[in-house]
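For reference, each letter of the sequence shown is one residue, going 1 to 1174 in full-length UniProt numbering.
Written out below as structure tokens is the structure these notes cover.
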Amino acid sequence: MGLTRLQLKGFKSFADTTTIEFSPGITGIVGPNGSGKSNLSESMRWVMGEQSAKGLRGNQMADVIFAGTELRPAVNMAEVTMVFDNHDHALKSNLPQLVVKRSLYVDGTSEYAINGKVCRLKDITDLFMDSGLGKGSFAIIGQGRVDEILNSKPETRRDLIEEVAGVYKYKVQKKQAEGQLATTMDNLNRVFDITHEIKEQLAPLAEQASIARDYQNQKSEYDKLNKFVLAGEITTLTQQQAAQADHLAELKGTQAKLEAAIKAGQADLATNQNEVATLDERLTAAQEDLLANSKQLEQKNGQLKLAQQQSDYAASTRAEKQEALAQAKAELAAVTKTLATQQAELAKQTAALAENQTAQDRLANGDDAGKDKLQQQLTDLRAQTVDALQQQATVRNALGEIKKQLARLGEDTPLEAVATAVPAALAKSDQDLSAAKQALAVAEETLAGTEHNHQIGQERLDARQKQWYAALEIYQQAKARLGSLQEINEDYGGFYAGAKAVLQNKAHLASIHGAVAELIKVPADYTTAIEMAAGGALQNIVVDTERSATQAINYLKQAHAGRATFLPMNVIQPRRIPANVLATVQTMPGFIGVASSLVDTLDRYRNIVDNLLGQLLIAQDLDTAVAIARASQHRYRIVTLAGDLINPGGSMSGGANKRNQSGVLARRAETDKLADQVKQMSAELDKRQSAIKELQTKLAGLSDDRTAQQAQVSQLRTTLAEQQEENHRLHEQDALAAQQRSLLAKQQDRQAQQRQELTSEQQDRETELARVTDQLAALKQQTAAVTDQINAAELSQSEKSERLSTLRDTEMQLSQTKARLDTQVATAQEQQAGLIAQVQQLTDFLTAKDAPTSHIDTAALQADITDLTGAIDHYSQQIKTWQQDKAKAAGAVSAAQAQVDRDQELRHQTLAEQEDVAVAVDRLKNQTNTRLASLSEDYSLSYEAVQADLPADFDLPATQKRVKLLKRGIDELGPVNLNAIADQERLQKRADFLQQQQDDLLAAKKQLETTMDEMDSAAADRFLATFQAVAKAFARIFPIMFGGGAAELTLTLPDDLLHTGVDITAQPPGKKLQQLSLLSGGERALTAITLLFAILQVRPAPFCVLDEVEASLDDANIDRFAHFLQQYQKHTQFIVITHRRGTMVAADRLYGVTMQESGVSKMVSVSLKEFANS
1 MGLTRLQLKG FKSFADTTTI EFSPGITGIV GPNGSGKSNL SESMRWVMGE QSAKGLRGNQ
61 MADVIFAGTE LRPAVNMAEV TMVFDNHDHA LKSNLPQLVV KRSLYVDGTS EYAINGKVCR
121 LKDITDLFMD SGLGKGSFAI IGQGRVDEIL NSKPETRRDL IEEVAGVYKY KVQKKQAEGQ
181 LATTMDNLNR VFDITHEIKE QLAPLAEQAS IARDYQNQKS EYDKLNKFVL AGEITTLTQQ
241 QAAQADHLAE LKGTQAKLEA AIKAGQADLA TNQNEVATLD ERLTAAQEDL LANSKQLEQK
301 NGQLKLAQQQ SDYAASTRAE KQEALAQAKA ELAAVTKTLA TQQAELAKQT AALAENQTAQ
361 DRLANGDDAG KDKLQQQLTD LRAQTVDALQ QQATVRNALG EIKKQLARLG EDTPLEAVAT
421 AVPAALAKSD QDLSAAKQAL AVAEETLAGT EHNHQIGQER LDARQKQWYA ALEIYQQAKA
481 RLGSLQEINE DYGGFYAGAK AVLQNKAHLA SIHGAVAELI KVPADYTTAI EMAAGGALQN
541 IVVDTERSAT QAINYLKQAH AGRATFLPMN VIQPRRIPAN VLATVQTMPG FIGVASSLVD
601 TLDRYRNIVD NLLGQLLIAQ DLDTAVAIAR ASQHRYRIVT LAGDLINPGG SMSGGANKRN
661 QSGVLARRAE TDKLADQVKQ MSAELDKRQS AIKELQTKLA GLSDDRTAQQ AQVSQLRTTL
721 AEQQEENHRL HEQDALAAQQ RSLLAKQQDR QAQQRQELTS EQQDRETELA RVTDQLAALK
781 QQTAAVTDQI NAAELSQSEK SERLSTLRDT EMQLSQTKAR LDTQVATAQE QQAGLIAQVQ
841 QLTDFLTAKD APTSHIDTAA LQADITDLTG AIDHYSQQIK TWQQDKAKAA GAVSAAQAQV
901 DRDQELRHQT LAEQEDVAVA VDRLKNQTNT RLASLSEDYS LSYEAVQADL PADFDLPATQ
961 KRVKLLKRGI DELGPVNLNA IADQERLQKR ADFLQQQQDD LLAAKKQLET TMDEMDSAAA
1021 DRFLATFQAV AKAFARIFPI MFGGGAAELT LTLPDDLLHT GVDITAQPPG KKLQQLSLLS
1081 GGERALTAIT LLFAILQVRP APFCVLDEVE ASLDDANIDR FAHFLQQYQK HTQFIVITHR
1141 RGTMVAADRL YGVTMQESGV SKMVSVSLKE FANS
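In structure tokens:
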């Protein structure tokens, strides 16, 4: 492997791009002092990872960038590229050629690249490690390195051997391992503290979780079975509902049939009643006609008799007329008497008929209002009776519980059972040991005070540690949140793609200052207003010039990374509101200010802020903003604190955000606030930790004092052992008795108070029980009285119908009897009238002095009598027929009325039953809907879904019983913390995780310790082997370089290879063996160069840069030095920066460094081999 090319651009004095080609062998670089030769070696060190600016002869790393001259401007970056031939894969890469590049920009951004791919410094370090080109290697040796060998201590000089031995990586790894070990120990301590805290929380949480799991198990089974129970009950209720609906339909059908039957029966009844009425009218007319004909017949018969008597007995005597008159009068008296009797019977029948009609009306209508009132009174009395019985049961239960408590209180041990005295020997013992006890009491009091103080201190320490841990957890959460916000800010979260791409790569783009949101600081009160008003303008990117903006835009185009807006600082001008307008709006209420004046920024960005926000007004609210807009004639944007906007021209926008998302400004404000809080919390944690340490120190002192005082008390107790033991025993007995007396006294007082309270409560309960008992007796009497009234006032429907039928039959009979009596009275009245007339006639006849002879036509009378007799027979036969028809019709009326009454009763019963069935159907519907709602609301299931999952052997009664038991068990669990399960699992999981972490950390600790031991062993072995090889090569080369003499390398601590130093002793020709510090300057330099050659022989480097290392040698030694270079060039490529002629002669190629232009280095090359061949 070798270095093939070095290219510099803007590095120190190499302002222009300078390329140096290297070939195997020796390359010399010459030039006058100050021409920039050493800048070449420094550029190599810089590109290979040098981080020390002082090592590069500068104060800061930016000093390596060409700073400009009077004629040339400064450049904005320095870049060095080294190209290596890696065909032998000496470097850790499979590529045949490696190009390593480092760039540094004026803004401090540094970039490494391998073969054009950006990488880290660590990648560069790892690439060169163990290749002979790593840190501290001998690939680049300056004169300062020679001086370092000469002037360093033996302990420092061992670094040379370690670098050759490749121990450096072990030291780095060990340092990393030590850091990891320290971190592991910190983590172990933290894990132990957290584990201890979690274990304290797990015990009570486990009990709660057990109850919660029991609840969940029972609740799960309850829910599962309850769903089935609800489905089963819904099925049963649905079936019952269907059955009731069918029954209701049947009842409605029955009712319809009964209505039709009642209607038909009433029609038949009306027909029969009309027929009876018609027959009654016919009978009355026939009877009247019969009576009239009978009267006429009687008259005709009388006339006929009279005529016959007049004809046959013309000569009858006056005595016969008188006898006839007497007979007529007798008949008249009989008829009158009969008429009176019939009239009395008629009045009686009329009264009975009226009474019968009244009874019918009363039975038909009934006293429903009185019955309803009595029934409601009976219901109220029964409800009161149930309440009184429940109250009586409650009082009795309470009395039973009070009696049990009184019985338990009566079982307590009496105070007299406690021992009340101690042995008389206590007084004598107290006297004997008073002095000793006083001393002991003082010591014990002091010890108790110390222990009390220690306990208080320990409690304070525990409390403060808990507070510290709690504060630490809050601090860690805040720190995590801060880290998250910082990552978002660093990644430019929430930015547009184009702006984000530019800002993330601003190190590679020129003059990118940042986004506007990064360059301003907005007070919290105005954040919402400015974010709403500025919007995407906050993501505008501030740059120096238009050229910078153009470069960034070209970058976005090439990378297809989106679009962005750029604000060149050299062209952006401020925009402000005219003074007269500002003066007008400033006086308006609710005006807050111009947005640009409320924002803080650096002076150089003020034009940018004024340009974006200089014409934005901020108002208190929307009403104020409207007024300001009108005053400013709608020329400027106005935003309220809530973010509502009024745009120029008058358009308005506003409302509420759907989601509470933090904008760029709000997020950065939160980041700043969190950063301050984290800083304050960190300081507070440190303060609390200091207080904890102070408490721990005080506790340690108290522990020491307690130990000393315990020793003092022990000594006093040992001295007075026998007396103290006896006295202590007596005092313990006395103290025990006193405690027992005090305890029992308190217990007796407490029991007496409880007994008094229970006795008082018992009396109250007994009084209440007596009152409730009396109330029950009164209610029973009232209930019995009302029941009797209802029973007395209420007949059954069948009895009422039967009585009503009887009354109607009686009414019909009475009506017939009354009609008959009416006829008889009329007949009797007619007979009476006829007899009166006859008596008057006879009387007139008798009173007449000469009675004339009758001139009546007997034939005509006989014919009339025959006609009347026929008519009477016809009417009698017709009346008899009609009476039979009326009896039949009356029977039909009674039967029809009875059928109608029965149908009406059945209809009434049907209607009542329909009402009951309808109520039952509604109740079943409500119960069904309740269960359906429970399935839907409690379980989000439908009845069909549950029915589909219903087991085939489902037993509803057994399941209902099980559900009740589960419900009771759930209720007995009481309040349940369901979060306890998740909390326990979370804590247990965390505890297990932490335990695993603890185990892993312990294993890691052990592994780290083992690894460190192994690394120490390997480092020691490699160091020893390399030291021996270098020492051997050094002893061999020294006499060659010096032309004789001897030298050796020795270890200052042979038994401690990890810390031993390396000492050099040399014996130049003609001198004695002596330390390196005693040699002359030239001898020391040559000895150091010899050591370097020895190291190169043991560990050849791919290339080696020697920067004027031979400057202090004389010409003879220069020749030897040049000779050795030529011998070693077979294995190592040498690049020699020199002023010495002998070294130049040995070189295969020479490069000259000149400074034709002041401050700017140039290269000139000459191939000596080609020149010699030519």
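The beta-carbon is built from N, C-alpha and C at its ideal position, and this holds for glycine as well.
In this text, all values refer to a predicted model and were calculated from it rather than measured experimentally.
C-beta contact flag for residue i and residue j at 8 angstroms
i, j, result
"T601", "K521", "yes"
"L616", "A537", "no"
"L1086", "L1113", "yes"
"K54", "T81", "no"
"F566", "A549", "yes"
"L447", "Q709", "yes"
"I618", "V639", "yes"
"L248", "V919", "no"
"I865", "L297", "yes"
"Y1151", "I140", "no"
"L769", "L399", "yes"
"V164", "R1036", "no"
"L104", "I161", "no"
"S38", "I1137", "yes"
"L1051", "T1065", "no"
"V1062", "R158", "yes"
Nearest-angstrom Cβ-Cβ length linking residue i and residue j, presumed shorter than 8 angstroms
i, j, result
"G498", "A564", "4 angstroms"
"D1115", "G1142", "6 angstroms"
"P648", "R635", "6 angstroms"
"L71", "E1157", "7 angstroms"
"M185", "Y475", "At roughly 21 angstroms, the Cβ-Cβ gap does not stay under 8 angstroms, so M185 and Y475 are not in contact."
"S1161", "G36", "3 angstroms"
"L332", "Q832", "6 angstroms"
"L509", "Q551", "6 angstroms"
One or two residues paired with residue i in a DSSP bridge
i, result
"A113", "K101, V118"
"T1154", "K1162"
"A53", "Looking at the DSSP assignment, A53 forms no beta bridge with any residue, so it has no partner."
"L617", "V594, I638"
"D600", "K521"
"M82", "L6, V100"
"P568", "V543"
"T27", "I1135, R1149"
"I140", "V1105"
"V772", "Bridge partners of V772: none, in fact."
"G514", "V542"
Any C-beta of chain D under 8 angstroms from that of residue i
i, result
"V1136", "Any reference to chain D falls outside this structure, which holds one protein chain only."
- request: Entirely within the stretch 1064-1113 and at least 4 residues each: give me those alpha helix (DSSP H) ranges in chain order.
  value: Restricting attention to alpha helix (DSSP H) runs no shorter than 4 residues, the stretch 1064-1113 encloses them at 1081-1098, ordered along the chain.
- request: Examine the Cβ distances between the stretch 236-243 and the stretch 968-981 and report whether three or more of them are shorter than 8 angstroms.
  value: no
- prompt: What are the complete alpha helix (DSSP H) segments, minimum 4 residues, inside the stretch 622-660?
  reply: 622-631
field: Three-pair Cβ contact test at 8 angstroms for the stretch 175-182 versus the stretch 1079-1089
entry: Cβ pair count under 8 angstroms is below three, so no.
message: So, does the stretch 855-865 touch the stretch 213-231, judging by three or more C-beta pairs under 8 angstroms?
response: no
message: Closer than 8 angstroms is the cut-off here; do at least three beta carbon pairs connect the stretch 886-902 with the stretch 820-834?
response: no
- request: Answer yes if the stretch 207-214 comes into contact with the stretch 980-987, meaning at least three C-beta pairs across the two stretches below 8 angstroms, and no otherwise.
  value: yes
message: With a threshold of 8 angstroms, are at least 3 pairs of Cβ atoms found where one atom belongs to the stretch 269-279 and the other to the stretch 878-897?
response: yes
message: I'd like to know if the stretch 1037-1052 and the stretch 218-227 are in contact, where contact means that at least 3 CB-CB pairs between them fall below 8 angstroms.
response: no
task: Mind the definition here: the stretch 84-97 touches the stretch 118-132 only if three or more C-beta pairs lie below 8 angstroms; say whether that holds.
output: yes
- prompt: Quick one: complete alpha helix (DSSP H) runs, 4+ long, within the stretch 881-933?
  reply: none
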